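Protein chains in written order, with this note's numbering: chain A, 90 to 292; chain B, 90 to 292.
Ideal Cβ placement from N, Cα and C applies to all residues, glycine included.
Nothing here was measured: the structure is a model prediction, and the numbers come from that model.
What follows is the structure, given as structure tokens:
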């Protein structure tokens, strides 16, 4: 299994370079657990989902605590058949999910969101979950939407995506659960995610 | 068939509201062909691919012609089983694709990129193409990557995505062909796309 993300931070300020550089410092404590490589368009992070989602959450929460409007785009992927197997990406939740029915996975997902740490910063997210390959992928999508609606972070459905709102801790816990608990455990699942904080449109 | 996109423009300047508002004016001439609705996170565009890709291209090209660093995120979708059929999204290229083999579709895609209009502005893009449902989705993905490598806009492969670089006209023509010519003609296909212009990292 290969699990990772391409992450881009977009601060809507002329001082964006400093905000991005500061934000990347929030990743320091994750560099032992994740492979992290930055180029001119995004930062690649590869590793197990616990560290991966915590790193992305901390990066965005750090930027969102500043006064400026900031957004982030993340492309998450697990199980892509074109990527090599990587032992550092091992994930117990995924391994166990193979023997769990949809209802059990929904309950475990809800529990994880309830127990999420509080980051102390409100954020908006919209995202799409994609389940590739055979099988009834829409059943898994609808099962995930059902979990999202009860997660406490659900804002509304939009065309092509779902809006979440809440504390960064709960919102990223919701995203992590959507990514891990739905779709085939060994299949190819991706998320296309946009986060936003301090938007003047909401003032 | 339902075809559309959620589009967000991110100007890396403290004057971002003016850049976004100016950018949305580039959409004026497309409002008769597309359904266009803006909220605090993105602009929904629904309609046939010709107008849809031209509108997204013109929006980004207008912002990229300014001096500031600007990025854009787009979630494109066609054939999502959760969306209603919409006659305004009818697309002849998709209808014909049902009877065309992979090699023929690759040739038509290459031809369309060669004939693309020149926008006069250089941009960078990275994107992922997702083909949902049964069948050998990786064969279509590899067929698309083969087209991309010969398109003249291919820069390099990255984990989870492909980098393109070139004139905005050729780059968006490449993206439109990837979206329409690969994956089942009546299936659910999406693109997760990030565009960038005037990045200080490239100076």
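Minimum Cβ-Cβ distance from residue i to chain B less than 8 Å
i, result
"residue 99(A)", "yes"
"residue 283(A)", "yes"
"residue 172(A)", "yes"
"residue 105(A)", "yes"
"residue 233(A)", "no"
"residue 93(A)", "yes"
"residue 227(A)", "yes"
"residue 160(A)", "yes"
"residue 263(A)", "no"
Neighbour list for residue i in chain B, Cβ cutoff strictly below 7 Å
i, result
"residue 219(A)", "219, 221 and 279"
"residue 129(A)", "288, 290 and 291"
Cα-Cα separation between residue i and residue j, rounded to whole angstroms
i, j, result
"residue 95(A)", "residue 122(B)", "33 Å"
"residue 244(A)", "residue 197(A)", "21 Å"
"residue 250(B)", "residue 228(B)", "16 Å"
"residue 186(B)", "residue 274(B)", "6 Å"
"residue 200(A)", "residue 266(A)", "10 Å"
"residue 292(A)", "residue 127(A)", "33 Å"
"residue 124(A)", "residue 134(A)", "5 Å"
"residue 290(A)", "residue 103(A)", "19 Å"
"residue 202(A)", "residue 190(A)", "19 Å"
"residue 115(B)", "residue 181(B)", "26 Å"
"residue 149(B)", "residue 257(B)", "8 Å"
"residue 247(B)", "residue 253(B)", "11 Å"
"residue 173(A)", "residue 155(B)", "41 Å"
"residue 105(B)", "residue 188(A)", "49 Å"
"residue 288(A)", "residue 175(A)", "38 Å"
"residue 117(A)", "residue 165(A)", "20 Å"
"residue 157(B)", "residue 204(A)", "42 Å"
Distance CB(residue i)-CB(residue j) smaller than 8 Å
i, j, result
"residue 276(B)", "residue 136(B)", "no"
"residue 90(A)", "residue 233(A)", "no"
"residue 269(A)", "residue 163(A)", "no"
"residue 159(A)", "residue 237(A)", "no"
"residue 108(B)", "residue 153(B)", "no"
"residue 241(A)", "residue 255(A)", "yes"
"residue 161(B)", "residue 284(B)", "yes"
"residue 226(B)", "residue 171(A)", "no"
"residue 219(A)", "residue 219(B)", "yes"
Chain A residues whose Cβ lies nearer than 9 Å to that of residue i
i, result
"residue 213(B)", "129 and 130"
"residue 133(B)", "247, 248 and 249"
"residue 102(B)", "101, 102, 103 and 105"
Minimum C-alpha distance to residue i - residue among the options
i, options, result
"residue 141(B)", "187(B), 255(B) and 92(B)", "92(B)"
"residue 145(B)", "190(B), 250(B) and 113(B)", "113(B)"
"residue 206(B)", "262(B), 160(B) and 156(B)", "262(B)"
"residue 259(B)", "183(B), 172(B), 239(B) and 219(B)", "239(B)"
"residue 286(A)", "231(A), 215(A), 235(A) and 271(A)", "215(A)"
"residue 147(A)", "209(A), 165(A) and 181(A)", "209(A)"
"residue 138(A)", "284(A), 279(A) and 188(A)", "279(A)"
"residue 212(B)", "110(A), 130(A), 111(A) and 120(A)", "130(A)"
"residue 119(A)", "143(A), 253(A) and 246(A)", "143(A)"
"residue 194(A)", "235(A), 117(A) and 110(A)", "235(A)"
"residue 217(B)", "264(B), 110(B) and 132(B)", "264(B)"
is_contact[residue i, chain A] using C-beta, thresh 8 Å
i, result
"residue 249(B)", "yes"
"residue 180(B)", "no"
"residue 117(B)", "no"
Cutoff 8 Å: residue i Cβ touching any chain C Cβ
i, result
"residue 177(B)", "Within the model displayed, chain C is absent; protein chains A and B are what it includes."
Chain-ordered chain A contacts of residue i [CB-CB under 7 Å]
i, result
"residue 271(B)", "Neighbours of residue 271(B) on chain A: none; closest Cβ ~14 Å, over 7 Å."
"residue 164(B)", "217, 249, 250 and 281"
Chain B residues whose Cβ lies nearer than 9 Å to that of residue i
i, result
"residue 110(A)", "Chain B residues near residue 110(A): none, gap ~12 Å exceeds 9 Å."
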